[in-house]
Amino acid sequence: TKLTMQPFSPKANVIGLAVAIFLSWRGLKKKGLTRSGAATAFCVGFLLVCTGLRGFNLIVFYLLGTKATKFKKEIKQKMDGSLVLSGSIARGPSQVLACSLLAVILSLVHGIYYGEEKPINFGDLSMASKLTCGVVAHHATCLADTLASELGILAKSSPVLVTQPWKQVPPGTNGGITLLGCFWSALGGLLMGLSTIVIDLISGISPLHVVPMLAFSTCCGLLGSLLDSLLGATIQESLYDPDSKLVYQSNDDVKSATKLVSGINILTNEQVNLVSVAATTFLGGWVLGPLFFP
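Using the numbering used here, the letters of the sequence shown map in sequence onto residues 428 to 721.
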């Protein structure tokens, strides 16, 4: 039985509303979102799920991302100065939108022009397939980057700068990578592909393209994290305070963190995330998608 929904049908609206309430309520209760962040998550959750069940990938990202963010928070606070200054892991509107805005736009375009969710078929449904692959690439990048950042920082080995692999940098440095972080990037992408397959199975969408989807999402997760690291190492400033042994961002209000580790101050963390996600979304939908799903 097919469970695909027409976008913004009564059934879709009810499910979308339930998801939106769940995301915003849980975010506030678990202190994972600020009030304005929760309001933004409500709108994002409603719009994504109202366009189709693949919008549930947002819940998968949110639940796994929140768990990763809270995992061993006390240890991370000893390395990440920005976390110490804020005293909170709650995400605001800019962080929510950086991990959802493009997915919402592509999903709305798909819903308006192509209707209910469809199987990926670049031969007969080229543009619809590009939009679908773009959204999957988007979610894969967001989850991969979140897991790599939040769990890769706990690696026992010192990170190296992605642009200078011979140079070790303090944990938490923008553009710093470890083998553990790369593993989490790949796993994040893989999990998002697996989530998409399960959702399509429930929806009755066929064929599922299991192996191509898992390979595609894993590749997008790794590519997105690599782009994020390259941007972080070059056009995002990382500062180090030798006394506290903490890494800070350029926009943190700390005068003692005077040692420049890497990068120049052009983009903030949220802006780097948005650019890397946008690039991988486009590459995933318009370049990699047709290669993985011939």
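From the three backbone atoms N, C-alpha and C, an ideal C-beta is built for every residue, glycine too.
The structure displayed is predicted, hence computed values, not measured ones.
Quiz item: If Gly561 and Phe709 are in contact, beta carbons under 8 Å, what's the gap, nearest whole angstrom?
Solution: One-based indexing of the sequence shown puts residue 561 at position 134. One-based indexing of the sequence shown puts residue 709 at position 282. Contact between Gly561 and Phe709 holds: CB atoms are separated by about 7 Å, below the 8 Å threshold.
Quiz item: Count the other CB atoms within 10 Å of the CB of Pro592; is the residue buried (16 or more) or exposed (fewer)?
Solution: Reading the sequence shown from its first residue, position 165 is the one you call residue 592. It is exposed - the Cβ of Pro592 has fewer than 16 other Cβ atoms within 10 Å.
Self-check item: Reference Ser576, options Ile448, Lys497, Leu533, Phe549, closest by Cα
Solution: Translated into positions along the sequence shown, residue 576 becomes position 149. Looking at the Cα atoms, Lys497 is the closest of the given residues.
Exercise. Note down the Cα distance separating Gln663 from Val589, rounded to an integer number of angstroms.
Key: By 1-based counting over the sequence shown, the position of residue 663 is 236. By 1-based counting over the sequence shown, the position of residue 589 is 162. Approximately 13 Å between the Cα atoms of the pair.
Quiz item: What's the call for Lys557, buried or exposed, on a 16-neighbour Cβ count within 10 Å?
Solution: Locating residue 557 in the sequence shown gives position 130, counting from the first residue. Lys557 counts as buried, since at least 16 other C-beta atoms from the protein chains shown sit within 10 angstroms of its C-beta.
Exercise. Measuring alpha carbon to alpha carbon, tell me which of Ala525, Thr645, Ser584, Val702 ends up nearest Glu563.
Key: The count along the sequence shown starts at 1 and reaches residue 563 at position 136. The amino acid occupying residue 563 in the given sequence is Val; Glu does not appear at that position. For the residues Ala525, Thr645, Ser584, Val702, the minimum Cα distance to Val563 belongs to Thr645.
Practice problem: Flag this pair as touching only if the segment 611–621 and the segment 469–483 have three or more C-beta atom pairs under 8 Å; answer yes or no. | Solution: No, the segment 611–621 does not touch the segment 469–483.
Quiz item: Three-state secondary structure (DSSP) at Ser703?
Solution: Locating residue 703 in the sequence shown gives position 276, where the first residue counts as 1. Residue state, collapsed to three classes: helix.
Quiz item: In angstroms, rounded to a whole number, what distance separates the CA positions of Leu528 and Thr493?
Solution: Translated into the one-based positions of the sequence shown, residue 528 becomes position 101. Translated into the one-based positions of the sequence shown, residue 493 becomes position 66. Those two C-alpha atoms are separated by around 18 Å.
Self-check item: Other residues of its chain near Val596: CB distance less than 6 Å, five sequence neighbours each side excluded
Solution: Within the sequence shown, residue 596 is the residue found at index 169, counting from 1. Same-chain partners within the cutoff: Pro586, Leu588, Gly603, Val688.
Practice problem: Specify the secondary structure class of Val589 as computed by DSSP and reduced to three states. | Solution: Here residue 589 refers to the residue found at position 162 of the sequence shown. Val589: coil per DSSP, three-state reduction.
Quiz item: For His565, which residues from the same chain have a beta carbon less than 8 Å from its beta carbon, with the 5 sequence-adjacent residues on both sides left out?
Solution: Here residue 565 corresponds to residue number 138 of the sequence shown, with the count starting at 1. Answer for His565: Leu529, Ala530, Leu533, Val704, Thr707, Thr708, Gly711, listed in chain order.
Quiz item: Shortest alpha-carbon distance to Ile629 belongs to which of Ala465, Thr600, Arg481?
Solution: For the purposes of this step, residue 629 is taken as the residue at position 202 of the sequence shown. Closest by alpha carbon: Arg481.
Practice problem: State the DSSP-derived secondary structure class of Ser665, mapped to helix, strand or coil. | Solution: For this step, residue 665 is matched to residue 238 along the sequence shown. Correct three-state label for Ser665: strand.
Quiz item: What alpha helix (DSSP H) runs, 4 residues minimum, are completely inside the segment 536–592?
Solution: Along the segment 536–592, the alpha helix (DSSP H) occurs as fully enclosed runs of 4 or more residues at 553–579, listed in sequence order.
Quiz prompt | Pairwise C-alpha distance: Ser652 and Pro520 | solution = Taking the sequence shown and counting its residues from 1, one reaches residue 520 at position 93. Taking the sequence shown and counting its residues from 1, one reaches residue 652 at position 225. If you draw a straight line from the Cα of Pro520 to the Cα of Ser652, it comes to about 22 Å.
Quiz prompt | Per-residue burial, Ala655 [other beta carbons within 10 Å of its own, 16 or more giving buried] | solution = Stepping through the sequence shown from its first residue, residue 655 is reached at position 228. The amino acid occupying residue 655 in the given sequence is Asp; Ala does not appear at that position. With 16 or more other Cβ atoms from the protein chains shown falling within 10 Å of its own Cβ, Asp655 counts as buried.
Quiz prompt | 7 Å Cβ cutoff, Gln522 in contact with chain C | solution = Chain labels in this structure do not include chain C; a single protein chain is all it has.
Quiz item: What number of angstroms, rounded off, separates the C-alpha of Val657 from the C-alpha of Thr573?
Solution: Here residue 657 refers to the residue found at position 230 when the sequence shown is read from its first residue. Here residue 573 refers to the residue found at position 146 when the sequence shown is read from its first residue. The question names Val, yet the displayed sequence has Leu at residue 657. It is roughly 16 Å from the alpha-carbon of Leu657 to the alpha-carbon of Thr573.
Quiz item: Quick one: is Ala439 buried, meaning 16 or more other Cβ sit within 10 Å of its Cβ, or exposed?
Solution: What you label residue 439 is simply residue 12 of the sequence shown in a count that begins at 1. By the 10 Å Cβ count, Ala439 comes out buried.
Practice problem: Tell whether a beta-carbon distance below 7 Å holds between Phe719 and Pro669. | Solution: Taking the sequence shown and counting its residues from 1, the one referred to as residue 719 is at position 292. Taking the sequence shown and counting its residues from 1, the one referred to as residue 669 is at position 242. It is not a contact, given that the beta carbons lie outside the stated cut-off.
Exercise. Tell me where the alpha helix (DSSP H) around Ser630 begins and ends.
Key: By one-based count along the sequence shown, residue 630 stands at place 203. Taken as a continuous stretch (DSSP letters only), the alpha helix (DSSP H) holding Ser630 covers 606–630.
Self-check item: Gly519 (DSSP reduced to helix, strand or coil)
Solution: Translated into the one-based positions of the sequence shown, residue 519 becomes position 92. The DSSP-derived three-state label of Gly519 is coil.
Quiz item: When the Cα atoms are used, what is the spatial distance from Val523 to Thr605?
Solution: Within the sequence shown, residue 523 is the residue found at index 96, counting from 1. Within the sequence shown, residue 605 is the residue found at index 178, counting from 1. Their Cα atoms are separated by approximately 26 Å.
Quiz item: By Cβ distance below 7 Å, which residues in the same chain neighbour Ala495 in space, the five residues on each side in sequence not counted?
Solution: Residue 495 sits at position 68 when you count from the first residue of the sequence shown. Shown here for Ala495: same chain residues with a beta carbon closer than 7 Å to its own, the five before and five after excluded, namely Thr573, Leu574, Glu577, Leu578 in chain order.
Practice problem: Count the other CB atoms, across all protein chains shown, that sit within 10 Å of the CB of Glu501; report buried if there are 16 or more and exposed otherwise. | Solution: Locating residue 501 in the sequence shown gives position 74, counting from the first residue. When all chains shown are included, Glu501 counts as exposed.
Exercise. Using only alpha-carbon positions, find the residue among Thr478, Leu490, Leu460 that is nearest to Pro437.
Key: As a first step, residue 437 must be located in the sequence shown, where it is residue number 10. Residue Thr478 is the option with its Cα nearest to Pro437.
Quiz item: With a Cβ-Cβ cutoff of 7 Å, do Leu617 and Ala582 count as a contact?
Solution: Locating residue 617 in the sequence shown gives position 190, counting from the first residue. Locating residue 582 in the sequence shown gives position 155, counting from the first residue. No; because the gap between Cβ atoms is not below 7 Å, this pair is not in contact.
Exercise. Using beta-carbon positions only, say whether Leu570 and Phe449 come within less than 7 Å of one another.
Key: Translated into the one-based positions of the sequence shown, residue 570 becomes position 143. Translated into the one-based positions of the sequence shown, residue 449 becomes position 22. No, the pair does not count as a contact, with Cβ atoms beyond the cut-off.
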